[in-house]
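Q: Supplied in structure tokens, the structure appears directly below.
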Amino acid sequence: LAQSFIGHFGLDKVKSPTYTLVESYQNESIDIHHFDCYRLSDPEELEYIGIREYLRSKSLQLIEWPELGKGAIAHSDLSINISGNGDIRTVNIMSQTKVGKLILECAIG
Numbered sequence: 423l424a425q426s427f428i429g430h431f432g433l434d435k436v437k438s439p440t441y442t443l444v445e446s447y448q449n450e451s452i453d454i455h456h457f458d459c460y461r462l463s464d465p466e467e468l469e470y471i472g473i474r475e476y477l478r479s480k481s482l483q484l485i486e487w488p489e490l491g492k493g494a495i496a497h498s499d500l501s502i503n504i505s506g507n508g509d510i511r512t513v514n515i516m517s518q519t520k521v522g523k524l525i526l527e528c529a530i531g
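Residue numbers 423 to 531, in the working numbering, belong to the letters of the sequence shown in order.
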């Protein structure tokens, strides 16, 4: 999902941040930071990579497994949950803030 989303902005060569915790991408219109918290042993590790600076920047952050970074990650504008098994997946996108609601309204049309 993240790879497809980042690719939508014309950015290719998207790598999984599984072992690096964060991969950053930019073009002339947007900066995107893709985090994967799955391998965190402690949320404090996010402080070591400068999570606060990323979150304060005017950029888009995609965070996988955000519940594992609890305490270091304050809130999100959108929450995306993927469930299912086999070939069938259900994707639920929920707005958490006014900004998230606006993003969803623009995406839906």
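Virtual Cβ for every residue (Gly too), placed ideally from N, Cα, C. Note that the structure is a prediction, hence the values are computed from the model and not measured.
Skipping 5 residues on each side, what residues in its chain have a beta carbon closer than 7 Å to that of CYS459?
A: Here the question's residue 459 lines up with position 37 in the sequence shown. The residues are ILE485, GLU486, TRP487, PRO488, LEU490, GLY491.
Q: Applying the criterion that 16 or more other CB atoms from any shown protein chain within 10 Å of the CB defines a buried residue, is HIS456 buried or exposed?
A: For this step, residue 456 is matched to residue 34 along the sequence shown. It is buried - the Cβ of HIS456 has at least 16 other Cβ atoms within 10 Å.
Q: Quick check on the burial criterion: 16 or more other C-beta atoms within 10 angstroms. Buried or exposed for ALA496?
A: For the purposes of this step, residue 496 is taken as residue 74 along the sequence shown, with counting starting at 1. With fewer than 16 Cβ atoms within 10 Å of its Cβ, ALA496 is classed as exposed.
Q: What does the alpha-carbon distance come out to for the pair PHE431 and SER481?
A: For the purposes of this step, residue 431 is taken as the residue at position 9 of the sequence shown. For the purposes of this step, residue 481 is taken as the residue at position 59 of the sequence shown. PHE431 and SER481: Cα-Cα distance of roughly 13 Å.
Q: GLU450: which of LEU433, PRO465, LEU462 sits nearest, CA to CA?
A: The residue given as residue 450 occupies position 28 in the sequence shown. For GLU450, the nearest C-alpha among the options comes from LEU433.
Q: How is PHE427 classed by DSSP in three states: helix, strand or coil?
A: In the sequence shown, the residue the question calls residue 427 occupies position 5. Of the three classes helix, strand and coil, the one that applies to PHE427 here is helix, per DSSP.
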